[in-house]
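Undergrad: Everything in the sequence shown is counted per my numbering, starting at 1 for the first residue and increasing by one.
Glycine residues also receive a C-beta, built at the ideal position from the N, C-alpha and C atoms.
Here you go, one structure.
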Amino acid sequence: MDLPKRGALPKKRSSLSKNLVSSGIKGKRTADGRRQNLTSLPLADTEEEAPQQLTKAEKRALKRSELMQSVGAPASQTAARLAKLPPHMLSKSALRRQKRKEREQLAGNSNGMKDVASIVDEVQIEHDQAKRAAEAASKVGAAPLLPPGGNHDPSQAGSSSSRPALSSRKRKQVLAEERSRQEHILSDPAFAKSPFAALRQHARNALAFSDGAAVD
């Protein structure tokens with residue numbers, strides 16, 4: 001058994017240096033020849049920076065700006081600076097207020113609504129003008145209506161309508177007569193048995209009545 005020489009003690013390696021050597025990581029050699037251990041290097045590059053925390057003054061300013069915004073007051077410079085903070089640094093209530101404000105601004109965009117309203121008005125005006133032009137063209141090209149008696153007056157050929165407008169009283173009277181006639185038709189047993197046969201019979205009676213009136 002060989003004993004170590006006097007004055008020469010065996011060098012002990014720490015567990016950390018053994019792990020570094022076994023993993024293939026070695027220290028850097030400095031100018032004086034010494035090997036620098038990686039454990040002495042700063043860890044600023046390897047570790048992520050912690051998120052910046054708000055101070056008490058900034059938290060008070062944030063709450064004050066939220067209160068001023070809720071009452072409609074203009075935001076200060078501190079509130080404008082705090083509004084630029086990332087979402088993870090704001091409270092949940094502040095995030096909810098911010099999102100609600102964005103939705104309200106999007107829904108209540110007065111300028112956009114005015115533009116849409118003006119466009120709708122222009123389209124409606126153009127549609128009305130085209131409709132009036134089509135009605136005028138159809139009235140000019142249409143044949144004049146004949147009076148109920150069959151008499152045709154050449155002086156009324158250029159008029160748009162040969163029948164005078166009914167007054168409200170006359171219109172109500174006509175509606176009452178038509179309503180009573182409809183009730184009489186519906187109560188007729190022949191109409192209940194065969195509606196088409198009753199309509200044909202009514203047409204024959206109307207033609208016979210008009211022919212008899214013309215002969216008289």
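Smallest Cα separation from Q98: which of K63, D121, L186, T55?
TA: It is K63.
Undergrad: Please report the distance separating the alpha-carbon of E122 from that of D128.
TA: Near 10 Å, if we compare the C-alpha coordinates of D128 and E122.
Undergrad: Using the rule of at least 16 other Cβ atoms within 10 Å of the residue's Cβ for burial, across every protein chain shown, is S65 buried or exposed?
TA: When all chains shown are included, S65 counts as buried.
Undergrad: To the nearest angstrom, how far is it from the Cα of L43 to the Cα of Q53?
TA: Interpretation of L43 is limited by its pLDDT of 48, a score under 50 that renders its predicted location unreliable; the figure taken from the coordinates is listed afterwards. Straight-line Cα distance between these residues: approximately 21 Å.
Undergrad: Taking the alpha carbon of S91 as the point to measure from, which residue in E58, S167, A165, A208 has its own alpha carbon closest?
TA: Here the closest residue by C-alpha is E58.
Undergrad: Alpha carbon to alpha carbon, how far is P189 from V181? Give it in angstroms, no decimals.
TA: Looking at the sequence itself, residue 181 is Arg, so the reference to Val does not match. Each residue's Cα considered, the two are about 15 Å apart.
Undergrad: Distance check for A61 and T55, CA to CA, integer angstroms please.
TA: C-alpha separation (whole angstroms): 10 Å.
Undergrad: Quick check on DSSP: helix, strand or coil for D121?
TA: In the structure shown, D121 sits in a helix (DSSP, three-state: H, G or I).
Undergrad: With H, G and I counted as helix, E and B as strand and the rest as coil, what does DSSP make of Q129?
TA: It is helical.
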